[in-house]
Amino acid sequence: MHKDRIAGIVIALFGAVILFASTKIPVRPNTSDPGSGLFPLLGGTGMFICGLGMIATAKKQSGKPFLGKEEFTRLLKISLVLIIYVISLNYLGFLISSPFMLYALTSLMAYEKRILFWRKAVFAVSITILSWLIFQKIFTILLPTGKLF
Amino acid sequence: MGIFNPVVTSLFSPISMILMLGGSIMGIIFGALPGLSGTIGVTLLLPLTFGMSPNLAIALLISVWVGGVSGGFISATLLGIPGTASSVATCFDAFPLSKQGKTTKALGVGILASFIGTFLSAIIAMVLSPFIAKLAIKLGPWEIFSLCFSAITLIVSMSKGNIFKGLASASIGLVFSSVGFAPVDAYNRFSFGNIYLSGGLNGVALMLGLFAVYLIAMDYSKRSNDYVVEDPKDKIHGFGVTFKEIKNNIWNMIRSFAIGLWIGFLPGMGAGLSNLLAYSQAKNSSKYPEKFGKGCIDGVFASETSNNAAVGGAMIPMTSLGIPGDATTAVLLGGLILHGLQPGPLLFNNNPVFVYVMYGATIIAAIMVLLLQFFGMRLLPKILKIPYHYLYPTILILCFIGAFSETNTLFNTGLMLFFGFFSILMGWIGLPSTPFLMAFILGPMLEVNLRRGISYSTTGLADFITRPVSALFLLVGIGSIILPPLRRIFKRI
């Protein structure tokens, strides 16, 4: 099926769900306030109508795809690194997780270019320590310490 | 003449000048770092000012604010990541200019427009504050709702291609903004029992995800780190902007300035809205709208003049009514109270020296920021010479810190990633992200004024169309959506 049509169906469906959920939000009695359900109801209605509009006006698109196979693989790689980083921040904290994340991203973003191990390691450790010193010590912004510590 | 001497003595004392210089530098750094902003800078410095006199404290805090608003355009120009919400529209044209190797020119336009915006708005605020404040009282929730509505639809009308996609994007933004405790009755919506969601989705996490995570992930995936670094032989004089370019943008700057001043002056709004609205107006009224988004300096002039004009605009209700125009003025108001001052109409009568020190500090800070950025302008493009395998991971670390520091929860960093992936999904479907962002930012304001408007009225929704200013804004909003397709249909006939 056409991409715009699929997107339209998904948006219209989500819109319908929000619309339905908004009608369940209670309105305070004896007040002229329309209640907390009105606003999401408007948003849900907008999504529903626009989803239908997208289905109706869907045109076949030609040209380059949004992401090729190789590009999609790279997107998956960087996504994985970032997700693992957020999880490890929670358990290991900023000072331990960040050098690994920086090292992994530097390796990925260099593509075929070979960068010496020690250069990447020095970069990763120094950026981590520098940002920790600037934010934690100078700006007194607390950084995550990790549940395990 | 009675207050002139104490104001000048306060402002030009060596300690005051040193503090303002330090504040301006700190503000520029905070504004330029993704996720941090002048507001965070002012909040962090506030406790340090308790030992100072109110005049010194306000001079320091104002210079951080002015530097923060102005500095936001630096990362928007160099990296395509807005330092603050006030620089979102700056990215649209300053970043493409940077990619074409015209970084210094883009920075020059930004610096000049920022200065004009702050400097003139501070003077207008100083002169007209007591008179303009009387106007603000006459604006009700109906007018503010209609203004927010028209701001969203104007942005939707800018999206290319299918109008339904623009409207769908805005609708999704409205739905996302309604997560958490509702205004008025604090009903907990769509939080699924999660305490982090109860407070609502964080705007900084959304912005960093939408711009920084999206940009870095897509640039890496598509291998499109194709910057053209400026040729050092191409000497740039002054701000790198010709007199003709400034002359061609005079009307654009006046209009953007008026939008910025007006939006800044309206309580609760600010530079985050004004830059997008001024940009859309500049594009819609341009002779060459097709050039916008591809490196057109008119867009940079519009965005930077308007967001900085909001500084002076926000000071008007703050000093004359005691109402914050934006988040930073809310923190500043808190600071005034902590220093034993009572913001509001009586401030002019009880502490006139303090009020004029505040305006004077804004003007001096604007000049300091101008000089600091002018001399730093030629050094900043060197950032682009840093290899991308070092630059992008460093930016991501800053984004993670920025998202975390906003709420001190890791949930916010996860949220930033979620919005990064969400914006990639939106890009795949072809949904424009700006209407989504605009609707998300304005959602709470739109809702609270819609509900107040209905509650205060005896005629239900009728007041929204019977009040002339409100009706005018609604007409502009609806017209911006309906007119472009109608024009196309009539052209075909």
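So the protein sequences, as listed, match chains A and B.
The first sequence begins at 72 in the numbering used here and counts up by one.
The second sequence begins at 1051 in the numbering used here and counts up by one.
We put the beta carbon where it would ideally sit given N, CA and C, even for glycine.
Keep in mind the model is a prediction, meaning the values are calculated, not measured.
Residues that DSSP places opposite residue i in a beta bridge
i	result
Arg1239/B	Gly1230/B
Beta-carbon proximity of residue i to residue j, cut-off 8 Å
i	j	result
Leu1391/B	Asn1399/B	no
Val1057/B	Gly1410/B	yes
Met1488/B	Ala1220/B	yes
Gly1503/B	Phe1195/B	yes
Gly114/A	Val1407/B	no
Gly1167/B	Gly1290/B	no
Leu1129/B	Thr1153/B	no
Ser1074/B	Val1381/B	no
Thr1134/B	Gly1101/B	no
Phe206/A	Leu173/A	no
Ala1415/B	Ile1112/B	yes
Leu160/A	Trp203/A	no
Leu90/A	Tyr1270/B	no
Ile1313/B	Ser1324/B	yes
Ala87/A	Met125/A	no
Leu1110/B	Thr211/A	no
Gly80/A	Cys121/A	In the sequence as presented, Gly is not what sits at residue 80/A; that position holds Ile. Contact: no.
Leu1467/B	Leu153/A	yes
Asp1143/B	Gly1310/B	no
Tyr162/A	Leu219/A	yes
Lys1272/B	Glu142/A	yes
Lys1397/B	Val1405/B	Per the sequence shown, the amino acid found at residue 1397/B is Leu instead of Lys. Closer than 8 Å, so yes.
Leu1430/B	Ile1124/B	yes
Gly1088/B	Thr1378/B	yes
Ala1352/B	Asn1298/B	no
Supposed contact pair residue j and residue i - C-beta distance, whole angstroms, cut 8 Å
i	j	result
Gly1470/B	Val1263/B	3 Å
Thr1484/B	Val1350/B	About 16 Å separates the two Cβ atoms, so there is no contact after all.
Leu1256/B	Phe1450/B	Contact doesn't hold; Cβ gap of about 15 Å is too wide.
Ser93/A	Gly108/A	4 Å
Ser1473/B	Gly1216/B	Not quite, the Cβ-Cβ distance comes to about 15 Å (not below 8 Å), so this is no contact.
Val1498/B	Val1234/B	7 Å
Pro1104/B	His1389/B	4 Å
Gly1493/B	Ser1227/B	3 Å
Trp1115/B	Gly1160/B	About 17 Å separates the two Cβ atoms, so there is no contact after all.
Ser1179/B	Thr1369/B	6 Å
Gly1385/B	Leu1096/B	5 Å
Ile1222/B	Phe1486/B	6 Å
Leu1069/B	Leu1106/B	6 Å
Gly1362/B	Thr1412/B	7 Å
Thr227/A	Ile186/A	Nothing can be reported for residue 227/A: it is not among the residues displayed for chain A, which extend from 72 to 220.
Pro1393/B	Phe1315/B	So it is not a contact: roughly 15 Å between Cβ atoms.
Phe137/A	Gly1322/B	No, Phe137/A and Gly1322/B are not in contact; Cβ-Cβ is about 29 Å, not under 8 Å.
Pro1132/B	Val1138/B	5 Å
Ser1164/B	Glu1354/B	5 Å
Can we say the segment 1425 to 1442 of chain B touches the segment 119 to 134 of chain A, given the rule of at least three CB pairs closer than 8 Å?
no
Check whether the segment 1246 to 1260 of chain B touches the segment 1511 to 1523 of chain B, taking contact to mean three or more Cβ pairs, one atom from each stretch, closer than 8 Å.
no
Quick one: any contact between the segment 1500 to 1511 of chain B and the segment 99 to 106 of chain A, if contact means 3 or more CB pairs under 8 Å?
yes
Counting pairs of Cβ atoms below 8 Å between the segment 1110 to 1128 of chain B and the segment 1357 to 1365 of chain B, do you hit three or more?
yes
With three or more beta-carbon pairs closer than 8 Å as the criterion, would you say the segment 143 to 156 of chain A touches the segment 1227 to 1247 of chain B?
Contact fails: fewer than three Cβ-Cβ distances are below 8 Å.
Determine, using beta-carbon pairs with one atom in the segment 1328 to 1339 of chain B and one in the segment 1205 to 1215 of chain B, whether at least three such pairs fall under 8 Å.
yes
Does the contact criterion of 3 or more C-beta pairs under 8 Å hold for the segment 1161 to 1175 of chain B versus the segment 1442 to 1459 of chain B?
No, because fewer than three Cβ pairs between the segment 1161 to 1175 of chain B and the segment 1442 to 1459 of chain B fall closer than 8 Å, the two stretches do not touch.
Inside the segment 1477 to 1531 of chain B only - alpha helix (DSSP H) runs reaching at least 4 residues:
1483 to 1506 and 1513 to 1516
Three or more C-beta pairs under 8 Å: does that hold for the segment 199 to 217 of chain A against the segment 1455 to 1463 of chain B?
yes
Scan the segment 1245 to 1310 of chain B and note each continuous alpha helix (DSSP H) run of 4 residues or more that stays entirely inside, going in chain order.
1245 to 1248, 1253 to 1258, 1264 to 1272 and 1293 to 1298
Complete alpha helix (DSSP H) runs within the segment 120 to 165 of chain A (minimum length 4 residues, chain order):
140 to 163, all fully within the segment 120 to 165 of chain A.
If we require 4 or more residues per run, which alpha helix (DSSP H) segments fall completely within the segment 1399 to 1451 of chain B?
1402 to 1426
I'd like the ranges of any alpha helix (DSSP H) spanning at least 4 consecutive residues and lying wholly in the segment 1063 to 1130 of chain B.
1064 to 1082, 1088 to 1095 and 1104 to 1129
Just list the alpha helix (DSSP H) runs in the segment 1148 to 1228 of chain B, keeping only unbroken ones of 4 residues or longer that don't cross its boundaries, in chain order.
1153 to 1188, 1191 to 1208 and 1213 to 1227
Which runs of the beta strand (DSSP E) spanning at least 3 residues fall entirely within the segment 1346 to 1401 of chain B, listed in chain order?
Counting only runs that start and end inside the segment 1346 to 1401 of chain B, there is no beta strand (DSSP E) element of at least 3 residues.
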